[in-house]
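Accompanying notes for the structure given below.
2 protein chains.
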Amino acid sequence: MNSFAFHNPTRIIFGAGTLDKLGEQLAAFGTKTALLVYGGGSIKQSGLYDRVLQQLEQAGVRTVELAGIEPNPRVSTVRKGIELCRAHDVDFILAVGGGSVLDAAKAVAVGVPYEGDVWDFLIRKAQIQSALPLGTVLTLSATGSEMNGNSVITNWEENLKKSFGSIHAYPKFSILDPTLTYSVPANQTVNGIVDTMSHVFEQYFSLTTDTPLQERLCESILQTVIENGEKALAQPDNYEARANLMLCSTYALNGGMISVGMQQDWATHMIEHEVSAIYDIAHAAGLSVLFPNWMTYVHGERLDRFVQYAVRVWNIDPSGKSDEEVARAGIQATRDYFTRIGAPSRLSELNIGDDQLERMAEETVGFGPVGSFRKLQAGDVLEILRSSL
Amino acid sequence: MNSFAFHNPTRIIFGAGTLDKLGEQLAAFGTKTALLVYGGGSIKQSGLYDRVLQQLEQAGVRTVELAGIEPNPRVSTVRKGIELCRAHDVDFILAVGGGSVLDAAKAVAVGVPYEGDVWDFLIRKAQIQSALPLGTVLTLSATGSEMNGNSVITNWEENLKKSFGSIHAYPKFSILDPTLTYSVPANQTVNGIVDTMSHVFEQYFSLTTDTPLQERLCESILQTVIENGEKALAQPDNYEARANLMLCSTYALNGGMISVGMQQDWATHMIEHEVSAIYDIAHAAGLSVLFPNWMTYVHGERLDRFVQYAVRVWNIDPSGKSDEEVARAGIQATRDYFTRIGAPSRLSELNIGDDQLERMAEETVGFGPVGSFRKLQAGDVLEILRSSL
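Protein sequence lines correspond, in order, to chains A and B.
Position one of the first sequence corresponds to residue 1 (the UniProt record's numbering), numbered consecutively onward.
Position one of the second sequence corresponds to residue 1 (the UniProt record's numbering), numbered consecutively onward.
Structure (structure tokens):
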């Protein structure tokens, strides 16, 4: 186990009906003017928008709106939000939506007190020093953005998708009401499942040794997502299934609680970011395609971890099999599960051909080789992309 | 799963050599005068005391000392600490030690800004509104006090042992250096193991349904403690074993992270508090005796959970056994493990006879029946105590 620091100051308020606590949370921060950040019209259709406005009114909060956050949130939209905050003396950012909305809201929050352009934080030209306080109401179990300080932002002018992480960007509170996810369409529920599992993979497949608790925490989330994913797809209003997925996605990426002291990987995420920086596909669709192929490419680096994964997470019976066979059976079980829930397994299913693979591979290693489980050079990335066609 | 709120603002700084970060942490809080709280002479013998003083000096912090915190910390000692803080304008409390020292320091921290007597908080006569900031350097893996807002304090004049919990009593930071636990004697290492496992038991044996992730998180800690406990006892300076135990004890009781949305029990702790309020025994010694007998007494309330415990935590093979047999095998495995590591299994081993059992039973239910897995009346407590003789 490596040395580490862990600090997660976000308050989570979880359960059916917890939206009714939004007003008191805003009041606790002395909110006068909030920027309400949301995506498309789905929160208006579901009635959530009206319920949020009611809470804001009851708390006596003036509201300015930043609507239309994109599935891959754009820096141009973030800049618009920052201008709105400055023009209207906004003192609190309230994000209502899924990971994209939350990520955009975080970028606005850190951008307001900064004199330069917010993109500077994404390309490491400047360090985040402060932020407006941020609260969230989550409508999609997926990214963990509700309990961490991370944000992923896309710059279409430059075809770049970059991320930042900062203690200043942790939400002050997040309201997690599983009933708000009942109306999430099947394909987005699938994306959330893949996203949550992928976040665990990036932490679990690690070269760090002697981390028995962390490995089990990771496996606990994977097993619980696998069980509850299909339940939620079969019964979209199954409270327990939705609640379990929501808790899993939050715990999967809440500042690294499940993988403290472990070296993380994140190569697959970086490859996917380059794919979806060129093709406007859902992040999780890219992950679903790439992860089993990444696993196949790197599993020899640490066969024991892949054997453990197969046995503990997928209940592969190891008797009579070689370690290599057990490991491959675990990878195949992953692929099969993704297929079973309707997630893609080939880039071709996403209408992505081989014409941009070299560019994506080069861009992935733009800051140097990626990953730690196995350090990937452009050539490695290209092989993984090719095996994903 | 029940609704819940979770908020744990403590920063943990974990690893060999992290004591060297104490000075910068104190400086970050603008500390001018610290109350250094510690127990007996062990930190002086080990050299830790000198290293802490060096950090305080380097950070330019004036130091006032409250030494001699008892294994069951006394309210009289806490009152002394509060007076010291007021007399010397202390602005930060620094606890260096195990759970008892941390608990005493928390009581001092909440007592200083309160006009009445600190004991009021323990008997629920007053609510905690604020506290001096508190930091800790942990020397014993056991109570989780380093990452929660709980404190247990004894009042010998009244033979009462009571607890409080408050968001204001969470440490601002806790330095967790596993190497500081190398010198912990075997019996205290054993106590820490039992204490950690008992904390998980109080959360895991719950009537709340549909909590698959939480159950697995609890089982993850139990399995990891069981594996690493004997390793640490055999090799007191085995870094990984000490680190795993330290992380397990912290995660086992850090504001309920592993059992969010579950009704907790805590009856066994309340019974034990009455035992050790009369007999000055180690808390964990009492728990080691009581827990298997509590399990035997209540397991019928929810046989499925005890079966799951036996199979998942103790690898009991259920084939050819009734659920009752599997459950009992799991309870017996618990008892056997405690015996194997040298923890007591009978009150008589602690020189406790049957003359005070009624009084302890009555005192346990002084505020009403205890526990939630099975609500225990005085008669139930008495039976558990009798079966523990």
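Beta carbons: idealized from backbone N, C-alpha and C, even for Gly.
| Item | Value |
| --- | --- |
| Identity of the residue in Pro171/B, Phe121/B, Gly342/B, Arg346/B nearest glutamate 272/B by Cα | Arg346/B |
| CA-to-CA distance, glutamate 301/B to arginine 328/B, given in whole angstroms | 13 Å |
| Distance CB(isoleucine 384/B)-CB(tyrosine 297/B) smaller than 7 Å | yes |
| Boundaries of the beta strand (DSSP E) in which isoleucine 13/A is found, first to last residue | 4 to 14 |
| CB of alanine 142/A within 7 Å of CB of serine 249/A, strictly | yes |
| Any chain A beta carbon closer than 7 Å to isoleucine 278/B | no |
| Near-chain B residues of the region 243 to 276 of chain A (beta-carbon distance less than 8 Å), N- to C-terminal order | Ala243, Asn244, Leu247, Cys248, Tyr251, Met257, Val260, Gly261 |
| N-terminal and C-terminal residue of the alpha helix (DSSP H) that phenylalanine 338/B is part of | 323 to 340 |
| Contact set between isoleucine 193/B and chain A, taken where Cβ atoms lie within less than 8 Å | Chain A residues near isoleucine 193/B: none, gap ~14 Å exceeds 8 Å. |
| Chain A contact residues for leucine 213/B, given Cβ-Cβ distances below 8 Å | Ser220, Ile221, Thr224, Asn244, Leu247, Cys248, Tyr251 |
| Own chain residues within Cβ distance below 7 Å of asparagine 228/B, not counting five before or after | Ala241, Asn244, Leu245 |
| Where the beta strand (DSSP E) containing threonine 33/B begins and where it ends | 33 to 37 |
| Close-in-space but distant-in-sequence residues of the same chain around glutamine 58/B (CB under 6 Å, 5 per side omitted) | Gly23 |
| Cα-Cα separation between asparagine 150/B and isoleucine 281/A, rounded to whole angstroms | 47 Å |
| Backbone CA spacing between proline 178/B and alanine 16/B [nearest angstrom] | 6 Å |
| Closer than 7 Å to chain A by CB, proline 9/B | yes |
| Element boundaries [alpha helix (DSSP H), containing arginine 79/B] | 75 to 88 |
| Backbone CA spacing between alanine 267/B and glycine 379/B [nearest angstrom] | 13 Å |
| Asparagine 187/B burial status per 10 Å Cβ neighbour count (16 or more: buried) | exposed |
| For serine 288/B and methionine 270/A, the rounded distance between their alpha carbons | 49 Å |
| Under 7 Å between C-beta atoms of glycine 116/A and lysine 172/A | no |
| Inter-residue CB distance, leucine 180/A and leucine 48/A (contact presumed, cutoff 8 Å) | 6 Å |
| Given 8 Å, three or more beta-carbon pairs between the region 82 to 93 of chain A and the region 28 to 45 of chain A | yes |
| Contact with chain A by alanine 5/B, beta-carbon distance below 7 Å | yes |
| Proximity of glycine 111/A and isoleucine 82/A at Cβ, strictly below 7 Å | yes |
| Pick from Thr33/A, Leu376/A, Gly255/A that is closest to serine 84/A, judged by C-alpha positions | Sequence check: residue 84/A is leucine here, not serine. Among Thr33/A, Leu376/A, Gly255/A, the Cα nearest to that of leucine 84/A belongs to Thr33/A. |
| For isoleucine 175/A, the three-state DSSP class (helix, strand or coil) | strand |
| For alanine 67/B, three-class secondary structure by DSSP | coil |
| In DSSP terms, what isoleucine 93/B is bridged to | Leu35/B, Leu134/B |
| Collapsed DSSP secondary structure at asparagine 351/A in the structure displayed | coil |
| Bridge partner(s) assigned by DSSP for asparagine 155/A | Leu160/A |
| Cβ contact check for the region 311 to 319 of chain A and the region 258 to 265 of chain A: 3 or more pairs under 8 Å | no |
| Residue-chain proximity (leucine 217/A, chain B), Cβ-Cβ < 7 Å | yes |
| Distance CB(arginine 13/B)-CB(isoleucine 175/B) smaller than 7 Å | According to the sequence as given, residue 13/B is isoleucine; it is not arginine. For isoleucine 13/B and isoleucine 175/B, yes; Cβs fall inside 7 Å. |
| Coil, strand or helix - valine 370/A by DSSP | strand |
| Glycine 116/B in three-state terms, based on DSSP | coil |
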